[in-house]
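Colleague: Offset between the sequence shown (1-based) and the numbering used here: plus 1.
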Amino acid sequence: MQRLFDLRYVIGVLLGIYGIVLVVRGALDGPQQLAQAAGTAINLWTGIGLLVVAVVFLAWARLRPLGIDTTEEE
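Below, the structure written as structure tokens:
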């Protein structure tokens, strides 16, 4: 249960959702949107970047879990 509330998971999932939305949006951009962005598929590239960062956060949380403090306070 503690792993569920790890901030790295929350950040990774949110960035992943935003990344997926931007990749889909970037793949569906028409010529007008590309012209506004100086010919660069900015939504697509930003979405890919967000997905990469999301994978890094999720891998970090998976590979280096939080330690459980077992000391008792007096």
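No residue lacks a Cβ here, since even glycine has one placed at the ideal position from N, Cα and C.
As the structure is a computational prediction, the values presented were derived from the model and not from experiment.
Looking at C-beta atoms only, is the number of pairs between the region 13-23 and the region 48-68 that lie closer than 8 angstroms three or more?
Modeller: yes
Colleague: I'd like to check one pair, L52 with V24: are the Cβ atoms closer than 8 angstroms?
Modeller: The residue you call residue 24 lines up with position 23 of the sequence shown. The residue you call residue 52 lines up with position 51 of the sequence shown. For V24 and L52, yes; Cβs fall inside 8 angstroms.
Colleague: Between which residues of its own chain and Y19 is the CB-CB distance below 7 angstroms, once the five residues before and five after are set aside?
Modeller: Within the sequence shown, the letter at position 18 stands for residue 19. Once the five neighbours on either side are set aside, the close Cβ partners of Y19 are L51.
Colleague: Fully enclosed by the region 8-61, which alpha helix (DSSP H) runs are 4 residues long or longer?
Modeller: 8-28, 32-37
Colleague: Can you give me the C-alpha to C-alpha distance between D30 and R9, rounded to a whole angstrom?
Modeller: By one-based count along the sequence shown, residue 30 stands at place 29. By one-based count along the sequence shown, residue 9 stands at place 8. Cα to Cα, the separation comes out at about 31 angstroms.
Colleague: Enumerate in chain order the residues of its own chain whose CB-to-CB distance from W46 is below 8 angstroms, with the five nearest sequence positions on each side excluded.
Modeller: In the sequence shown, the residue the question calls residue 46 occupies position 45. So the list reads G27, once near-sequence residues are dropped.
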